[in-house]
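K.L.:
Residues in the sequence shown are numbered consecutively from 4, following this note's numbering.
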Amino acid sequence: MAGMKQVLGIVLGSGLGALASRVRVEREVGFGEVGLPVSTVAGHAGRFLFGRLGGREVIVMQGRVHLYEGHDAKAVVAGVRWMREWGVGHLILTNAAGTLHPGHPPGGWMMLSDQLNLTGTSPLEGGANFIDLSQIYDAGFREEFRAVAVARGMPLFEGVYAGLRGPQYETPAEIRMLRVLGADAVGMSTVLEAIQARALGMRVTGFSCLTNWAAGLVPGALDHGEVIETGAASASAMIDLLETWCGL
4 MAGMKQVLGI
14 VLGSGLGALA
24 SRVRVEREVG
34 FGEVGLPVST
44 VAGHAGRFLF
54 GRLGGREVIV
64 MQGRVHLYEG
74 HDAKAVVAGV
84 RWMREWGVGH
94 LILTNAAGTL
104 HPGHPPGGWM
114 MLSDQLNLTG
124 TSPLEGGANF
134 IDLSQIYDAG
144 FREEFRAVAV
154 ARGMPLFEGV
164 YAGLRGPQYE
174 TPAEIRMLRV
184 LGADAVGMST
194 VLEAIQARAL
204 GMRVTGFSCL
214 TNWAAGLVPG
224 ALDHGEVIET
234 GAASASAMID
244 LLETWCGL
């Protein structure tokens, strides 16, 4: 199958740290131990786990840093560059996101088919680093995960992820704009990591845990605690999907 001999890298987003529970961990390395910026956000442990999942060699990045914490684009994707140096050829990015799609309710998972980088920056700034992003999320791997999800009876939506800077949540007017632009989910991560990974020749797969309705779609205020709680509750389905795929 695609990527059979590659080291698999997995980045875990807000509240999704439990996805590492099935990894047979051989060693741990903290972000700070290797000179990488450390996250200040709840739900981001800030460490790399080396081990195996479903018989496959993996490096799990448990947590990430964000632009809204005061980091620049190159610092945000430092972990992706570090994993590439350790042999990662296929990178799976996960995140917690707000859903804009009426048919994709909170508690489900969306596989990323494309993205909108609305952060106003890029990790490739500083030179003529022109790369093709026409297939930023690998179609072959999407097909494989789609087949595994169907076989397991797991609902797995597919759609476009919009990445913004944050840290504030979006206004209802901004959500209406994003829907016009074609976004199905919105969050504050992932897009820069995907760009950096593709620039380094890595193949990329992305998954959003849909933790809440985006602003203005239902009554009530948005809360990071809800994001963490829903992400933790939904993690088991993705754990099963990843473990099954890794065993193929």
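For every residue, glycine included, the Cβ atom is placed at its ideal position computed from N, Cα and C.
1. What separation, rounded to the nearest whole angstrom, lies between the Cα atoms of Met241 and Val63?
2. My assumption, with CB atoms under 8 Å, is that Val189 sits in contact with Ala99. Please give the rounded CB distance.
3. Please give me, in chain order, every unbroken run of the beta strand (DSSP E) with length at least 3 that falls completely inside the segment 187–241.
4. Could you name the residues of the same chain whose beta carbon sits closer than 7 Å to that of Trp248, not counting the 5 residues immediately before and after it, in chain order?
5. Output needed for Ala238: all residues of its chain with C-beta closer than 7 Å, excluding positions within five of it in sequence on either side, in chain order.
6. Going by other Cβ atoms of all chains shown within 10 Å of its Cβ, with 16 needed for buried, is Gln171 buried or exposed?
7. Exposed or buried, which one is Glu173 when buried takes at least 16 other CB atoms within 10 Å?
8. Just checking, does the segment 189–198 make contact with the segment 153–168 on the three C-beta pairs under 8 Å criterion?
9. Quick one: which unbroken beta strand (DSSP E) runs of 3-plus residues sit fully inside the segment 97–155? Chain order, please.
10. Count the other CB atoms, across all protein chains shown, that sit within 10 Å of the CB of Ser192; report buried if there are 16 or more and exposed otherwise.
11. Using the rule of at least 16 other Cβ atoms within 10 Å of the residue's Cβ for burial, across every protein chain shown, is Phe34 buried or exposed?
12. By alpha-carbon positions, which one of Gly162, Ala218, Asp243, Pro40 ends up nearest to Asp75?
13. Report the residue from Pro108, Leu244, Gly185, Thr122 whose alpha carbon sits nearest the alpha carbon of Leu70.
14. Taking the runs of the beta strand (DSSP E) that are 3 residues or longer, which of them lie wholly in the segment 24–57?
15. Which residue comes first and which comes last in the beta strand (DSSP E) that contains Ala176?
16. Using only the alpha-carbon positions, how far apart do Val153 and Gly129 sit?
17. Nearest by alpha-carbon distance to Met205: which of Arg59, Gly110, Gln138 is it?
18. So for Ala5, helix, strand or coil by DSSP?
19. Assuming Ala78 and Val91 are in contact, meaning their beta carbons sit under 8 Å apart, how far apart are those beta carbons, in whole angstroms?
20. In terms of DSSP beta bridges, what is Tyr172 paired with?
21. Do Leu245 and Ile178 come within 8 Å of each other at the CB atom, strictly closer than that value?
22. Strictly by DSSP, which residues pair up with His93?
23. I need the straight-line Cα distance from Asp141 to Phe210, nearest angstrom please.
24. Report the partner residues of Met64 according to the DSSP bridge assignment.
25. If you count every other CB in all the chains shown that lies within 10 Å of the CB of Arg59, and 16 or more means buried, which is it?
P.N.:
Well, looking at it:
1. Counting from one through the sequence shown, the residue named residue 241 turns up at place 238. Counting from one through the sequence shown, the residue named residue 63 turns up at place 60. The alpha-carbon atoms of Met241 and Val63 are separated by roughly 14 Å.
2. Numbered from its first residue, the sequence shown carries residue 189 at position 186. Numbered from its first residue, the sequence shown carries residue 99 at position 96. So it is not a contact: roughly 11 Å between Cβ atoms.
3. The segment 187–241 is shown to contain whole beta strand (DSSP E) runs of 3 or more residues at 188–190, 206–216, in chain order.
4. The residue you call residue 248 lines up with position 245 of the sequence shown. Around Trp248: Glu147, Phe148, Val151.
5. Counted from its first residue, the sequence shown places residue 238 at position 235. Closer than 7 Å at Cβ, skipping near neighbours: Leu19, Ala21, Leu22.
6. Start at 1 with the first residue of the sequence shown, and residue 171 comes out as number 168. Looking at its Cβ environment, which holds fewer than 16 other Cβ atoms inside 10 Å, Gln171 is exposed.
7. On the sequence shown, position 170 is the one that residue 173 refers to. The residue in question, Glu173, is buried, as its Cβ has 16 or more Cβ neighbours within 10 Å.
8. Cβ pair count under 8 Å is three or more, so yes.
9. With a minimum length of 3 residues, the continuous beta strand (DSSP E) runs that stay inside the segment 97–155 are 112–120.
10. Within the sequence shown, the letter at position 189 stands for residue 192. Looking at its Cβ environment, which holds 16 or more other Cβ atoms inside 10 Å, Ser192 is buried.
11. The residue you call residue 34 lines up with position 31 of the sequence shown. Residue burial annotation: Phe34 is buried, with at least 16 other C-beta atoms found within 10 angstroms of its C-beta.
12. Sequence index remark: in the sequence shown, residue 75 carries index 72 (1-based). For the residues Gly162, Ala218, Asp243, Pro40, the minimum Cα distance to Asp75 belongs to Pro40.
13. The residue labelled residue 70 in the question sits at position 67 within the sequence shown. Comparing Cα positions, the closest option is Thr122.
14. Within the segment 24–57, the complete beta strand (DSSP E) runs of at least 3 residues are 27–33, 50–56.
15. Walking along the sequence shown from the start, residue 176 turns up at place 173. Counting along the chain, Ala176 sits inside no beta strand (DSSP E); it lies in the alpha helix (DSSP H) bounded by residues 175–184.
16. One-based indexing of the sequence shown puts residue 153 at position 150. One-based indexing of the sequence shown puts residue 129 at position 126. When rounded, the distance between both Cα atoms is 43 Å.
17. Walking along the sequence shown from the start, residue 205 turns up at place 202. For the options Arg59, Gly110, Gln138, the alpha carbon positioned closest to that of Met205 is the one of Gln138.
18. Counted from its first residue, the sequence shown places residue 5 at position 2. Bear in mind that the predicted position of Ala5 carries a pLDDT of just 42, short of 50, making it unreliable; the figure below should be weighed with that in mind. Note: Ala5 maps to coil in three-state DSSP.
19. As a working mapping, residue 78 is identified with position 75 in the sequence shown. As a working mapping, residue 91 is identified with position 88 in the sequence shown. About 19 Å separates the Cβ atoms of Ala78 and Val91, ruling out a contact at the 8 Å cut-off.
20. Locating residue 172 in the sequence shown gives position 169, where the first residue counts as 1. None, per the DSSP bridge assignment.
21. Within the sequence shown, residue 178 is the residue found at index 175, counting from 1. Within the sequence shown, residue 245 is the residue found at index 242, counting from 1. In this structure, Leu245 does not lie closer than 8 Å to Ile178 by Cβ.
22. Locating residue 93 in the sequence shown gives position 90, where the first residue counts as 1. Residue pairing for His93: DSSP places it in a beta bridge opposite Leu11, Arg206.
23. Here the question's residue 141 lines up with position 138 in the sequence shown. Here the question's residue 210 lines up with position 207 in the sequence shown. C-alpha of Asp141 to C-alpha of Phe210: approximately 12 Å in a straight line.
24. As a first step, residue 64 is located in the sequence shown; it is residue number 61 there, counting from the start. Looking at the DSSP assignment, Met64 forms a beta bridge with Val14, Phe51.
25. Within the sequence shown, residue 59 is the residue found at index 56, counting from 1. Arg59 is buried by the Cβ-count criterion.
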